[in-house]
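Undergrad:
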Amino acid sequence: MLNTCPMIKAVLFDLDNTLLNTQELYVAAEADLTRMILSLAKADLAEVAAEIQRRKLTLFDVYGYDPAMLPQAFEEALINFAPAASADDILQARALGRRIFEEEAEIEAGAEDALRRLSGNFTLYLVTVGDEETQQRRIAALSCGDVFREKFIVSDKTRETYLAVLSRSECAPDEAVMIGDSLKSDIIPAVQAGMTAIHIPANNWHGREMQGYELPQERAVTHRSLSEAVDFLLSLQDAEAAPAPEALPRHRHNRGARPGY
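According to the working numbering, the sequence shown is numbered sequentially starting from 741.
1. Taking just the CA atoms, how far does G860 sit from Q812?
2. I need the DSSP call for G1000, collapsed to helix, strand or coil.
3. By the DSSP assignment, the beta strand (DSSP E) with G920 in it spans what residues?
4. Classify A960 as helix, strand or coil using the three-state DSSP reduction.
5. I'd like to know whether the C-beta atoms of V894 and V917 end up nearer to each other than 7 angstroms.
6. Among residues of its own chain, excluding the 5 on either side of G850, which ones have a beta-carbon nearer than 8 angstroms to its beta-carbon?
7. Taking all protein chains shown into account, do 16 or more other C-beta atoms lie within 10 angstroms of the C-beta of K720, making it buried, or fewer, making it exposed?
8. Taking the straight line between their C-alpha atoms, what separation do you get for A817 and I792?
9. Whole angstroms is fine: what's the gap from E787's alpha carbon to F892's?
10. Assign V887 to buried or exposed, taking buried as 16 or more other Cβ atoms, counted over all protein chains shown, within 10 Å of its Cβ.
11. Please determine if the stretch 755–765 and the stretch 824–835 are in contact, where contact requires at least 3 C-beta pairs separated by less than 8 angstroms.
12. Which first and last residues belong to the alpha helix (DSSP H) in which L778 is found?
13. Note down the Cα distance separating E842 from I919, rounded to an integer number of angstroms.
14. If you reduce the DSSP assignment to three classes, tell me which class A790 lands in.
15. Please report how far the alpha carbon of C911 lies from the alpha carbon of Y803, in whole angstroms.
16. Answer with buried or exposed for E915, where buried requires no fewer than 16 other C-beta atoms within 10 angstroms of its C-beta.
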């Protein structure tokens, strides 16, 4: 919850699954891989889905956000169920993994309107983690990318990351807000840096962004959508701009005088 209404000057945005619906790219590619595996081997649908997820998480610890991770994970998942898969099958599985990084993600509903509304009241920054070439391409595809004063592509999001970004701005941590879908990467480290954070829940291809993490008790709040988050921020600004109520005049009473009728 938020116990105070700080004077907000800057708003930082996450990209994937906050402004762009990249999760749908993962869902579509994994669905195609699952159909491919089921056409080549006798397997249970849930078992295939669990194996794909396991391969991704295991290789993420090796590759991180390198685009080479998913083609490798898809190949290993295929071979696990269909050891006799042909070379063409393997190439097709790897192509499905690469497709996630090559296709254009759709902008989240309400994202452009939210950015335009905020840009007239706050300085906006974009902070995204991932492969630089992929993220540069996704940023370039944003029709509203011009609203950001600066765009940062980082290898990880930590307290130090946010402090470094803020050092490039003209505001202190308590004058900035971070908006994102990941408790691990967007919300918790931003709060640790002294910022306010707005969590907008979204599906994410690996559970490590949420699993085992809780919304901080202070300087953090959850909203269901970008539009709701914008309304909240603008209401804070309105509260800050409102004049303080005038003090009521103090009445003097003559001691011992009887009230009139």
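Glycine residues also receive a C-beta, built at the ideal position from the N, C-alpha and C atoms. Nothing here was measured: the structure is a model prediction, and the numbers come from that model.
TA: This is what the structure gives:
1. 44 angstroms
2. Unreliable positioning characterises G1000 in this predicted model, as indicated by a pLDDT of 37, which lies under 50. The coordinate reading is nonetheless provided below. Note: G1000 maps to coil in three-state DSSP.
3. 916–920
4. DSSP places A960 in strand when its eight states are reduced to three.
5. Contact check for V894 against V917 fails: the beta carbons are separated by 7 angstroms or more.
6. S965, L966, S967
7. With the chain covering only 741 through 1001, there is no way to say anything about residue 720.
8. 6 angstroms
9. 38 angstroms
10. buried
11. Proximity of the stretch 755–765 to the stretch 824–835 falls short of the contact definition, fewer than three beta-carbon pairs being nearer than 8 angstroms.
12. 763–780
13. 25 angstroms
14. helix
15. Here the alpha carbons of Y803 and C911 stand approximately 35 angstroms from one another.
16. Residue environment analysis places E915 among the buried positions, since at least 16 neighbouring C-beta atoms fall within 10 angstroms of its C-beta.
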